[in-house]
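**Q**
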Amino acid sequence: MDTFVASPVNRWLEHVRVLAVDIGPRGPTREGERRGALYAKEQFEQMGLQPQWETFRSARSIFHPHLIGAILMLVAFILFPLGGRFSAALAALISILVLVNEVLELSFRDNLFRWLVPKGESQNVYAILPPRGEHRADLILVGHVDSQRTPLIFKNRTWVKLYDRFTFLAFAAFILQAILYTLAAIFGWSWVWYVTIFSALCALILAAMCLQAERTPFTAGANDNATAVGMVLTLTEALLRQPLQNTRVWAVVTGCEEVQHYGMIDFYKRHLSELKNPRAVVFEMLGCAGPAWVTREGIVVPFHSDAQMVALAERLSSENPQWGAYPAKISGGNSELSDAVRFGVPGITFFGLTPDGEAPYWHQRDDTFDKMKPEIMEKTWQMVWAFIACLDDELSSKG
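As numbered in the numbering used here, residues 6 to 404 make up the sequence shown, in order.
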């Protein structure tokens, strides 16, 4: 396979325009998300593929589980002084329950909060492209179609930084509350209640943040993440014209990434056993900055890109300085890389972050089609195409 193909950025931009302008906001489990998935399915069909449509049940908001956690922390604070060691023990149990479920939620694992929150129906759509020769490995190309709400905490870079620091501070305060309430239940320390006024304040702020977020509209999601769906669709067209030699490609458009990745999790649960030597390439926010690849991401719980795939990105970047590509880290957010890590699939995310880690128009009303920068998309296309080609060439060189 050639390491370069003529750039189809105009075609890529057309996909972004349809999703962000013609369809518009695509909230998880909402009609806009379904229409976006239908568009991807229709595009696959026009390419002569046989796309698969898989539905699943998902939470409708990323904020609901954390709202439950914040309320329970406040309940524990209120209960603590009411009945001596008994109420202290009950408050400790509630605090520990919140911590366990928050860690599970931030790790994208099943938990009590996920059982309690409102649900809706969502969908993934994917198509499979066979290789020219022997099938030796699978490559999963991923872009999520849904868009997020536009809360105050994402209003601008300063708010995002404050939100990122607050999450760590609040989590530390909740840990302290659980420890102190447990010790109070054992030793009868009534004074610890005054110490946990701070954690109660953190819980109150967290609840207010979640409630405020739920009152905001969904973004049109041009950069986040119509650009990723457009990349998956455009790559699929290019790979049909120029198939990989030994790599079978899964072109996957997921739903409900914005509510802790229900779509990607559902895909791996259904198909992991079908995959041969799989690797995943995830796309996020490719229209305004980059090219960049993620080395680490996460909210409290960190996830890392595969070391060998990072090394390949570094080599290609060094060999092609005209791209201006660079590594990046994101704190306070995740991509579907985290799901690959959890399911044991080596993966990497091409994420349009600035060199200092800013995500342009992330969950903002200004995330609209007019913000796209074709010159950046051109460089991103070249890097992604070369990266995929090298992954396949490595299989061929191994014989």
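Where is the CB? At the ideal position from N, CA and C, for every residue including glycine. Treat the numbers as computed from the prediction; the structure is a model and nothing was measured.
(1) Could you give the distance in angstroms between the alpha-carbon of Leu5 and the alpha-carbon of Ala218?
(2) Measure the alpha-carbon distance for Ser2 versus Ile393 and round it to whole angstroms.
(3) Excluding the five sequence neighbours on either side, which residues of its own chain have a C-beta within less than 6 Å of the C-beta of Ile101, listed in chain order?
(4) What is the rounded straight-line gap between the Cα of Val147 and the Cα of Lys376?
(5) Can you say whether Ala177 is buried or exposed, counting buried as having 16 or more other CB atoms within 10 angstroms of its CB?
(6) Which runs of the alpha helix (DSSP H), 4 residues or longer, sit entirely within the stretch 254-297?
(7) Just curious, the alpha helix (DSSP H) that Asn129 is in, first and last residue?
(8) Quick one: which unbroken beta strand (DSSP E) runs of 3-plus residues sit fully inside the stretch 21-99? Chain order, please.
(9) Contact between the stretch 57-65 and the stretch 121-135 is defined here as three or more beta-carbon pairs at a separation below 8 Å; is this criterion met?
(10) To which residues of the same chain is Cys5 closer than 8 Å at the C-beta, ignoring the five residues directly before and after it?
(11) Put Ile304 into one of helix, strand or coil per three-state DSSP.
(12) Our contact map puts Val130 next to Gln57 with C-beta atoms below 8 Å; I'd like the distance itself, whole angstroms only.
(13) Where does Pro156 fall in DSSP's three states?
(14) Whole alpha helix (DSSP H) runs in the stretch 314-370 with 4 or more residues, listed along the chain?
(15) When DSSP labels each residue in this structure, what does Ala142 get in the three-state scheme?
(16) Please say whether Pro86 and Ser195 have beta carbons closer to each other than 8 Å?
(17) Within 10 angstroms of the Cβ of Phe9, are there 16 or more other Cβ atoms? Answer buried if so, exposed if not.
(18) Who are Phe223's beta bridge partners in DSSP?
(19) Please report how far the alpha carbon of Leu188 lies from the alpha carbon of Arg90, in whole angstroms.
(20) Comparing C-alpha positions only, which one of Val197, Leu206, Gly193 sits nearest to Leu174?
(21) So what's Gly235 in DSSP terms, helix, strand or just coil?
(22) Grouping DSSP H, G and I as helix and E and B as strand, with all else coil, what is Thr187?
(23) Could you tell me whether the Cβ atoms of Trp17 and Met236 are closer together than 8 Å?
(24) Pairing CB atoms from the stretch 157-174 with CB atoms from the stretch 277-293, are three or more of them under 8 Å?
(25) Starting from the Cα of Arg141, find the closest Cα among Thr221, Asn251, Val315 and give me that residue.
(26) State whether the stretch 323-333 contacts the stretch 264-282, with contact taken as three or more CB pairs (one from each stretch) at a distance under 8 Å.
(27) Quick check on Thr172: does DSSP put it in helix, strand or coil?
(28) When you compare the CB positions of Pro30 and Thr232, do they come within less than 8 Å of one another, or not?
(29) Between the alpha carbons of Gly349 and Phe49, how many angstroms are there, rounded?
(30) Quick one: is Arg137 buried, meaning 16 or more other Cβ sit within 10 Å of its Cβ, or exposed?
(31) Who are the near neighbours of Lys160 in its chain, counting only those whose CB is closer than 8 Å to its CB and skipping five residues on each side?
(32) Under three-state DSSP, which class holds Thr163?
(33) What does a CB cutoff of less than 7 Å around Leu111 pick up in its chain, not counting 5 residues either side in sequence?
(34) Closest to Pro33 by C-alpha separation, out of Asn282, Glu262, Phe308, Met388, would be which residue?
(35) Among all the DSSP beta bridges, which residues are the ones paired with Thr201?
(36) Below 7 Å CB to CB, which residues in the same chain sit around Asp372 once its five sequence neighbours on both sides are set aside?
**A** Walking through what the data contain:
(1) Not covered by the structure: residue 5. The range shown for the chain is 6 to 404.
(2) The shown model of the chain, from 6 to 404, leaves out residue 2, and the question about it has no answer.
(3) So the qualifying residues of the chain are Ala183.
(4) A direct Cα-Cα distance of roughly 22 Å separates Val147 from Lys376.
(5) Flag for Ala177 reads exposed.
(6) For the stretch 254-297, whole alpha helix (DSSP H) runs of length 4 or above, ordered along the chain, are 267-276.
(7) Run containing Asn129: none in the alpha helix (DSSP H); it sits in the beta strand (DSSP E), 124-134.
(8) For the beta strand (DSSP E) assignment, the uninterrupted runs of no fewer than 3 residues enclosed by the stretch 21-99 are, from N- to C-terminal side, 57-64.
(9) Verdict: yes, contact present.
(10) Missing from the structure shown is residue 5; the chain here goes from 6 to 404 and no further.
(11) Ile304 falls in the strand class under three-state DSSP.
(12) By a beta-carbon distance limit of 8 Å, Val130 contacts Gln57. Their separation comes to about 7 Å.
(13) In this structure, Pro156 counts as coil in the three-state DSSP scheme.
(14) 342-347, all fully within the stretch 314-370.
(15) In this structure, Ala142 counts as strand in the three-state DSSP scheme.
(16) Yes, they are a contact pair.
(17) Because Phe9 sits at a pLDDT of 42, beneath the cut-off of 50, its placement in the model cannot be relied upon, and the following sentence gives the value as read from the coordinates. Exposed, because fewer than 16 other Cβ atoms sit within 10 Å of the Cβ of Phe9.
(18) Its beta-bridge partners are Arg154.
(19) When rounded, the separation of the alpha-carbon atoms in Leu188 and Arg90 is 10 Å.
(20) The shortest CA-to-CA distance from Leu174 to any of Val197, Leu206, Gly193 is the one to Leu206.
(21) Gly235 sits in a helix when the DSSP states are folded into three classes.
(22) The DSSP-derived three-state label of Thr187 is helix.
(23) In this structure, Met236 lies closer than 8 Å to Trp17 by Cβ.
(24) Because the criterion of three Cβ pairs below 8 Å is not met, the stretch 157-174 and the stretch 277-293 do not touch.
(25) Between Arg141 and the set Thr221, Asn251, Val315, the nearest pair of CA atoms involves Asn251.
(26) With the cut-off at 8 Å, the stretch 323-333 and the stretch 264-282 do not touch.
(27) The three-state reading of DSSP puts Thr172 in helix, counting H, G and I together.
(28) No, the pair does not count as a contact, with Cβ atoms beyond the cut-off.
(29) A straight line joining the alpha-carbon of Gly349 with that of Phe49 spans about 28 Å.
(30) Exposed: under 16 other Cβ atoms inside 10 Å.
(31) Taken in chain order, the residues that qualify are Gln369.
(32) If DSSP states are grouped into helix, strand and coil, Thr163 belongs with the helices.
(33) Closer than 7 Å at Cβ, skipping near neighbours: Ile304, Val305, Val306.
(34) Of the candidates Asn282, Glu262, Phe308, Met388, the one whose C-alpha sits nearest the C-alpha of Pro33 is Glu262.
(35) According to DSSP, which records beta bridges pairwise, Thr201 is partnered with nothing at all.
(36) Thr224, Ala225, Gly226, Ala227, Asn228, Asp229, Tyr366.
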